[in-house]
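What follows is a single structure, written as structure tokens, with notes after it.
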Amino acid sequence: MSDLNNNVQGVPWDLSSEYESADCPAIDADLSLASELMDQMTAQNSVLLSLLEQADGLGVEEAVDGIAAAREIHRISEDVRSLLGNPESYADCCMSVDSRDEAAQMLSGRLQSYQKRYTEVSQPLSQFLDLVSAEVIEAYLDHELTSATRFVVEHARKRRDFNLSLGEENLVSGLSQDGIHAWGRLYDQLAGTLTCDVLVGNESQSMGLAETSGLLQSPDDRTRENAWRAINESWGAQVESCAAAINAIAGWRLELGRRRSSKSPVHFLDSPAHMNRISQATLDAVLSVAEESIPLARRAALLQAKAHGKERYGPWDQRSPSPSTEGEDRSIPYTEALELIANAYSSVDPTMGEFVEMMAERKWIEGTVGPRKRPGAYCTGFPKSRTPRVYMTYTGGGSDVITLAHELGHAFHSWTMKDLPDSQRSYGMSLAETASTFGETIVRDALLERAETPLQELAIAWEEMGALVSFILNIPTRFEFEKNFYEARQERPLRPDELKELMSRAWEKWYGESLSEPDPLFWANKLHFFISDLSFYNFPYLFGYLFSLGVYAKRLSFGDEFFPRYNGLLLDTGRMTAEDLASKHLNVDLTQPDFWRETVAMLKPRVNHFEKLVNEVSV
């Protein structure tokens, strides 16, 4: 990594291995080929369409032609997904760095018609596989082209009673591009164009949302609070648009659920639980243990407040740094952060550290600061090359190092699975957070071992306590709001002031006396509530956090066998439910609170140690 600039800020990523630009001929070629392949799918669909009306009564012999057509459609569709997914990832990457990138915006808009068509030509296969008998499914899966899809097919069939007719499903998918997804895109555009007037010291500065969010890592409490209030002021000016968007997105989902409830009722939590491949029993167990753990998490929040010389935790303190080195240069240069992460990853297995070095050397990480950058961090990938990319705004704060470790965990997970069939490379978000949070823990513990003074220990433990507060208080706060919102939205759209009230009550329930004031506009400034593809983008984080800690605890008991087991667990995430995965690799039952309580118990001595450090440096 010596060739990288040692500036504090991160460097731009390299997307040239995929395309030269958003309007280059290579994209046209991919889309042209995708269109040709979809023509082939349409031709094969004629066979399936002739069988759909009596699909559930077909025997294997009667379904021979349909089985052959279904296998061929599956083969072609994997290529189409890759050809469409690649330019889609490229456009998203470009717009994340520059929200006003016109070429990328045009490409994104252009892709909508292709995605709409792909969804339509894929529906007959989905319907056929959902409707036919178990005997026909076995015959379909008994082939080298389709054997790897067993879990995906069988998991999808669990919701077969909620299917609409083929015509209705096509109508829903067609309308969604300019319906629910349009509202999500509107929010993304708002987030990328908002500016904030922030008081930094005694000077007011205008900056983009991502830059302003970076100030939430300032060691100065006043600066953090000013940045938080500036962000809320900017979003407050857009509150009517945000309310319209969140009501429309939720209303769409609720109405679609009502339409799908012909055989049995569809609850608004059914789909996110299914997509995350966890049962309601597991979700209930996780949330119940989180609620039991409120006193522990509030204690951590109050200790962080005490360290900053305050009585209570402020909503602007979620990314606050340790005050232990206040007055010193607290920035960690980008290359140093990468080396720290690589060394920490290597402590688990050398291949993990080598992976981080490869990501850095190939410049597959975007870490620059820019006025048009979208806020947040994520890991994405390109289906054709099966290579990951990490996106963030790196400014040198301690939480940036942990964020980078988190996203590189996602990337390692993706890289581990790159040689698997496409059908086994997609996993629920609950399991996606396992590798990322595991990566955070590795880095924190490695840094703690290197600490030489209580001040240094505090700085490292601080990040761990920040994660504890975030996952056990903030994530359930988001869940509480979204659950209550969906329950109310079943009756009517909610006004901005009602949304603010729901949000405030959720903050107060989980943070209680530890909080100086709630964040009533959190529903507006949090992207997760506006993701059109997936609702309840919150409880998987809590699951992943606690599950990964449980996995991490196995390092000692498994010894040299740990990494092969861990690697095997990651490989299986795309072909198992969370419950089956945990049973196979960890010998635990996720539907029972015991595993989750044991995991939380691991955190108690860490909070005790943190309290000791806070008291030592406060003397």
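Using my numbering, read the sequence shown as starting at 917 and increasing by one per residue. No residue lacks a Cβ here, since even glycine has one placed at the ideal position from N, Cα and C.
CB Ala1383 to CB Glu1417, shorter than 8 Å?
Taking the first residue of the sequence shown as position 1, residue 1383 is located at position 467. Taking the first residue of the sequence shown as position 1, residue 1417 is located at position 501. Taking the C-beta atoms as reference points, Glu1417 is found no nearer than 8 Å to Ala1383.
Helix or strand or just coil, what does DSSP make of Ser1121?
Your numbering for residue 1121 matches position 205 in the sequence shown. Looking at the sequence shown, residue 1121 is not Ser but Gln. Strand at Gln1121.
For the segment 1300-1317 against the segment 932-943, are there 3 or more C-beta pairs whose distance is under 8 Å?
Segments in contact, yes.
Helix, strand or coil for Thr1369 per DSSP?
If you number the sequence shown from 1, residue 1369 lands on position 453. Looking at Thr1369 - three-state DSSP - the assignment turns out to be coil, as it is neither helix nor strand.
Exposure of Lys1179, with buried meaning 16 or more beta-carbon neighbours within 10 Å:
Here residue 1179 corresponds to residue number 263 of the sequence shown, with the count starting at 1. Under this definition Lys1179 is an exposed residue.
Return the chain-ordered list of same chain residues with a C-beta closer than 8 Å to the C-beta of Ala1146, the five sequence neighbours on each side being excluded.
Walking along the sequence shown from the start, residue 1146 turns up at place 230. The beta carbon of Ala1146 sits closer than 8 Å to the beta carbons of Cys1112, Asp1113, Val1114, Leu1115, Thr1128 from its chain, once the five residues preceding and following it are set aside; these are given in chain order.
Considering only C-alpha positions, which residue in the set Lys1442, Lys1520, Ala1440 is nearest to Leu1465?
Locating residue 1465 in the sequence shown gives position 549, where the first residue counts as 1. Of the listed residues, the one whose Cα sits closest to Leu1465 is Lys1520.
Give the DSSP-derived three-state secondary structure of Phe1298 in the structure shown.
Locating residue 1298 in the sequence shown gives position 382, counting from the first residue. The answer is strand: DSSP assigns Phe1298 an E or B state.
Going by DSSP in three states, Ile1281 sits in which element: helix, strand or coil?
On the sequence shown, residue 1281 is found 365 positions in, with the first residue counted as 1. In the structure shown, Ile1281 sits in a strand (DSSP, three-state: E or B).
Sufficient close CB pairs (3 or more, under 8 Å) joining the segment 1039-1049 to the segment 956-971:
At 8 Å Cβ cutoff, the stretches touch.
Who are the near neighbours of Leu1389 in its chain, counting only those whose CB is closer than 6 Å to its CB and skipping five residues on each side?
For the purposes of this step, residue 1389 is taken as residue 473 along the sequence shown, with counting starting at 1. So the qualifying residues of the chain are Ala1213, Trp1426, Tyr1427.
Trp1099: which of Gly1313, Trp1168, Arg1138 sits nearest, CA to CA?
Within the sequence shown, the letter at position 183 stands for residue 1099. When only C-alpha atoms are compared, the closest one is Trp1168.
Could you tell me whether the segment 1325-1334 touches the segment 1350-1369, using the rule of 3 or more Cβ pairs below 8 Å?
Yes, the segment 1325-1334 touches the segment 1350-1369.
Beta strand (DSSP E) segments (min. 3 residues) lying fully within the segment 1062-1133:
Within the segment 1062-1133, the complete beta strand (DSSP E) runs of at least 3 residues fall at 1111-1116, 1119-1124.
Let me confirm a value: Ile1318 is counted as buried when at least 16 other C-beta atoms fall within 10 Å, else exposed. Which label applies?
If you number the sequence shown from 1, residue 1318 lands on position 402. Ile1318 should be labelled buried.
With respect to the beta strand (DSSP E) encompassing Tyr1307, which residues constitute its N-terminal and C-terminal limits?
To locate residue 1307, count along the sequence shown from 1; it is residue 391. For Tyr1307, the uninterrupted beta strand (DSSP E) segment begins and ends at 1303-1307.
Does Leu1410 come out as helix, strand or coil in the three-state DSSP assignment?
Against the sequence shown, residue 1410 aligns to sequence position 494. DSSP places Leu1410 in coil when its eight states are reduced to three.
To the nearest angstrom, report how far apart Asn1163 and Leu1450 are at their CA atoms.
Working through the sequence shown from its first residue, we reach residue 1163 at position 247. Working through the sequence shown from its first residue, we reach residue 1450 at position 534. Going from the Cα of Asn1163 to the Cα of Leu1450 covers about 15 Å.
Could you say which of Lys1399, Asp1233, Ile1248, Tyr1294 lies nearest to Ser1386 if we only look at CA atoms?
Along the sequence shown, read from residue 1 onward, the residue named residue 1386 stands at position 470. It is Asp1233 whose Cα lies nearest to the Cα of Ser1386.
Taking the continuous alpha helix (DSSP H) assigned at Met1333, which residues delimit it?
Here residue 1333 corresponds to residue number 417 of the sequence shown, with the count starting at 1. First-last for Met1333: undefined, no H or E at that position.
Buried or exposed for Ser1134, going by 16 or more other Cβ atoms inside 10 Å?
Along the sequence shown, read from residue 1 onward, the residue named residue 1134 stands at position 218. Ser1134 sits buried, since 16 or more C-beta atoms from the chains shown fall within 10 Å of its C-beta.
At 4 residues or longer, and completely inside the segment 970-1050: list those alpha helix (DSSP H) runs for me, N to C.
Those alpha helix (DSSP H) runs which fall completely within the segment 970-1050 and span 4+ residues are 980-1013, 1018-1047.
Would you kindly check if the distance between the Cβ of Ala1159 and the Cβ of Leu1415 is under 8 Å?
As a working mapping, residue 1415 is identified with position 499 in the sequence shown. As a working mapping, residue 1159 is identified with position 243 in the sequence shown. Yes, the pair counts as a contact, with Cβ atoms nearer than the cut-off.
Hey, which unbroken runs of the alpha helix (DSSP H) at 4 residues or more fall wholly within the segment 1468-1515?
List check, alpha helix (DSSP H) in window: 1478-1488, 1494-1502.
Excluding five sequence neighbours on each side, which residues of the same chain lie with their C-beta closer than 8 Å to the C-beta of His1224?
Your numbering for residue 1224 matches position 308 in the sequence shown. Within its own chain, the residues whose Cβ lies closer than 8 Å to the Cβ of His1224, once the five positions on either side in sequence are excluded, are Asp1137, Asp1233, Ser1236, Pro1239, listed in chain order.
Please report the distance separating the alpha-carbon of Gly1269 from that of Gln1406.
For the purposes of this step, residue 1269 is identified with residue 353 of the sequence shown, where counting begins at 1. For the purposes of this step, residue 1406 is identified with residue 490 of the sequence shown, where counting begins at 1. Taking the straight line from one Cα to the other gives about 49 Å.
Between the segment 1000-1007 and the segment 1069-1082, can you find at least three pairs of beta-carbon atoms closer than 8 Å?
Contact between the segment 1069-1082 and the segment 1000-1007 is absent, because fewer than three Cβ pairs lie under 8 Å.
C-alpha distance - Glu1532 paired with Ser1122, whole-angstrom precision:
As a working note, residue 1532 is residue 616 in the sequence shown. As a working note, residue 1122 is residue 206 in the sequence shown. When rounded, the distance between both Cα atoms is 39 Å.
Distance, Cα to Cα, Leu1203 vs Val1516?
Here residue 1203 is taken as the residue at index 287 of the sequence shown, counted from 1. Here residue 1516 is taken as the residue at index 600 of the sequence shown, counted from 1. As the crow flies, the alpha-carbon of Leu1203 is around 12 Å from that of Val1516.
On the DSSP letters alone, give me the boundaries of the alpha helix (DSSP H) that Ser948 sits inside.
For the purposes of this step, residue 948 is taken as the residue at position 32 of the sequence shown. Per DSSP, the unbroken alpha helix (DSSP H) holding Ser948 starts and ends at 941-965.
Gly1243 to Thr1139, Cα distance in whole Å?
Start at 1 with the first residue of the sequence shown, and residue 1243 comes out as number 327. Start at 1 with the first residue of the sequence shown, and residue 1139 comes out as number 223. No answer about Gly1243 holds up, because its pLDDT of 49 lies below 50 and its placement is not dependable.
For Asp1316, which residues of its own chain have a beta-carbon under 6 Å away from its beta-carbon, when the five flanking residues on both sides are left out?
What you label residue 1316 is simply residue 400 of the sequence shown in a count that begins at 1. Non-local beta-carbon contacts of Asp1316 in its own chain, meaning distances under 6 Å to residues more than five positions away in sequence, involve Tyr1310 in chain order.
Straight-line gap, Ser1089 to Ala985 (C-alpha atoms, nearest Å):
The residue labelled residue 1089 in the question sits at position 173 within the sequence shown. The residue labelled residue 985 in the question sits at position 69 within the sequence shown. CA-CA distance, Ser1089 to Ala985, rounds to 23 Å.
Could you give the DSSP three-state label for Tyr1343: helix, strand or coil?
For this step, residue 1343 is matched to residue 427 along the sequence shown. DSSP places Tyr1343 in the coil class of the three-state scheme, outside both helix and strand.
Would a check of beta-carbon distances place Leu1486 closer than 8 Å to chain D?
Absent from the structure: chain D. Only one protein chain is present.
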